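Student: Below are the C-alpha cells for one structure; questions will follow.
Residue numbers (the working numbering): 233 to 535.
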C-alpha cells in the first residue's frame with residue numbers, strides 16, 4: 233500500500249461523521265466511565281472483601297458478606313421499611329398524578345398557573361422541601377397539628393413517632409415527585425384522539441366508562457413507564473431520610489440505601505455495605521424485569 237493511499241484513507245477517516253461523533257461523545261464517555269462504570273466494578277469486587285476504605289489491606293472473604301445478610305436484623309428491618317415505603321409511594325404518586333392530570337387537562341382559566349404550581353416541587357431542592365415539611369410536621373407549632381387540633385385530633389409526633397415517621401416521609405416524597413408524573417400523564421392525555429372518546433359516547437358509554445375503557449388503555453405506555461420509574465426511585469430513597477430522621481426514631485425509617493451509607497461511612501464496613509448495595513441492585517433488576525414482562529402483556533403501543 234502506497235503512502236499516498238494511506239494518507240487518503242486517514243484523511244477520509246478524520247473527516248468522517250463517525251469520527252466526529254465519537255469525538256463529541258468522548259467527554260461524556262470519559263465521565264461515565266470514570267464516575268460510573270469504574271465505581272460499579274470496584275464496588276462489586278469490594279463486596280467480596282473486608283474493607284473500611286482506609287486500610288490498605290482488603291482480605292478476600294468470598295461470599296461471607298452476602299451470607300451475613302440472612303442473620304442481620306437491621307438489614308431485614310431496612311428491607312421491610314423499603315418495601316412498605318415503595319408499596320405506598322408508587323400507587324399514591326402514580327394514581328394521584330393521573331387524577332390531577334385529568335383535572336388539569338381541561339380548558340380552565342389560569343390553567344398554566346395550575347400546571348406550573350404542580351410541577352414546582354419537582355424542581356425544588358430536596359433539602360428545601362424537607363425543611364418545609366419539617367416545619368409542617370412540628371408537634372408543637374406545625375400547621376398540620378394546628379389544623380388537626382381544630383377538629384379535636386392530635387397533636388401527633390409525626391417524624392418523632394416510630395409508628396408515624398415512615399408515613400410522614402411518604403407524604404413528603406409523594407408531594408415532591410407527583411408533579412413529574414402529572415406532566416407525563418398530561419402529555420399522554422393530550423395525545424389521546426378525541427374522536428375515540430366521542431365514538432364511545434355515541435355508542436352509549438358514560439364519561440367514566442369512556443375514560444376507563446378508552447383513555448386508560450391508551451395511557452398504558454405512560455403508566456408502565458411511571459410505575460417502573462417510581463419503583464426504582466422509591467427503592468433508592470435516601471435524601472429525605474438522611475436530612476429528617478437519620479433512620480430514626482428507633483430505626484423506624486431505616487431503608488436500604490441509608491443502611492448502605494451507615495455501614496460504609498459511619499461504621500467502616502465498606503465491604504458489607506457493598507454486598508447490601510448489590511443485593512438491592514439485583515432486586516431492582518428482577519423487579520423491573522417482572523414489571524416490564526407484565527407490561528408487555530397488558531400494554532399496547534400504537535404504531
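Beta carbons: idealized from backbone N, C-alpha and C, even for Gly. A quick note: this is a predicted structure, and the numbers were derived from the prediction, not measured.
Per DSSP, what are the beta-bridge partners of residue 292 in this structure?
Tutor: Taking the first residue of the chain shown as 1, we reach residue 292 at position 60. BP columns for residue 292 point to 281.
Student: By the 10 Å Cβ neighbour count, where 16 or more other Cβ atoms means buried, how is residue 266 classified, buried or exposed?
Tutor: For this step, residue 266 is matched to residue 34 along the chain shown. Burial call: exposed.
Student: Determine the direct distance from the alpha carbon of residue 496 to that of residue 345, and round the result to whole angstroms.
Tutor: Residue 345 sits at position 113 when you count from the first residue of the chain shown. Residue 496 sits at position 264 when you count from the first residue of the chain shown. Whole-angstrom Cα-Cα distance: 44 Å.
Student: Give a yes or no on whether the C-beta atoms belonging to residue 511 and residue 397 are separated by under 7 Å.
Tutor: Here residue 511 refers to the residue found at position 279 when the chain shown is read from its first residue. Here residue 397 refers to the residue found at position 165 when the chain shown is read from its first residue. Cβ atoms of residue 511 and residue 397: not closer than 7 Å.
Student: State yes or no: is the C-beta of residue 466 within less than 7 Å of the C-beta of residue 321?
Tutor: The sequence position of residue 466 within the chain shown is 234, counting from 1. The sequence position of residue 321 within the chain shown is 89, counting from 1. Contact flag set, yes.
Student: Please classify residue 279 as buried or exposed, where buried requires at least 16 other C-beta atoms within 10 Å of its C-beta.
Tutor: Counting from 1 along the chain shown, the entry for residue 279 is found at position 47. With 16 or more Cβ atoms within 10 Å of its Cβ, residue 279 is classed as buried.
Student: Is the Cβ-Cβ distance between residue 487 and residue 314 less than 7 Å?
Tutor: What you label residue 487 is simply residue 255 of the chain shown in a count that begins at 1. What you label residue 314 is simply residue 82 of the chain shown in a count that begins at 1. Cβ distance < 7 Å, so residue 487 and residue 314 count as in contact.
Student: Starting from the Cα of residue 337, find the closest Cα among 459, 415, 262 and 531 and give me that residue.
Tutor: Taking the chain shown and counting its residues from 1, the one referred to as residue 337 is at position 105. The residue with the shortest Cα to Cα distance from residue 337 is 415.
Student: What distance in whole Å lies between the Cβ atoms of residue 482 and residue 371, which are believed to be in contact at a cut-off of 8 Å?
Tutor: Numbered from 1 along the chain shown, position 139 holds the residue referred to as residue 371. Numbered from 1 along the chain shown, position 250 holds the residue referred to as residue 482. At roughly 16 Å, the Cβ-Cβ gap does not stay under 8 Å, so residue 371 and residue 482 are not in contact.
Student: Should residue 365 and residue 404 be called a contact, given that it needs their Cβ atoms to be closer than 7 Å?
Tutor: Taking the chain shown and counting its residues from 1, the one referred to as residue 365 is at position 133. Taking the chain shown and counting its residues from 1, the one referred to as residue 404 is at position 172. Yes, these two residues count as a Cβ contact at 7 Å.
Student: If you draw a straight line from the alpha carbon of residue 407 to that of residue 451, how long is it in whole angstroms?
Tutor: Counting from one through the chain shown, the residue named residue 407 turns up at place 175. Counting from one through the chain shown, the residue named residue 451 turns up at place 219. Cα to Cα, residue 407 sits roughly 22 Å from residue 451.
Student: Buried or exposed for residue 369, going by 16 or more other Cβ atoms inside 10 Å?
Tutor: The count along the chain shown starts at 1 and reaches residue 369 at position 137. Buried, by the Cβ-count rule.
Student: For residue 275, which option in 459, 290, 478 and 421 has the closest C-alpha, if you only look at C-alpha atoms?
Tutor: Within the chain shown, the letter at position 43 stands for residue 275. Answer by Cα proximity: 290.
Student: Measuring only the C-alpha atoms, how far is residue 469 from residue 316?
Tutor: Here the question's residue 469 lines up with position 237 in the chain shown. Here the question's residue 316 lines up with position 84 in the chain shown. Roughly 12 Å between the two C-alpha positions.
Student: Which residue marks the beginning of the alpha helix (DSSP H) containing residue 483, and which one marks its end?
Tutor: In the chain shown, the residue the question calls residue 483 occupies position 251. Segment: none, residue 483 is in no alpha helix (DSSP H) and carries neither H nor E.
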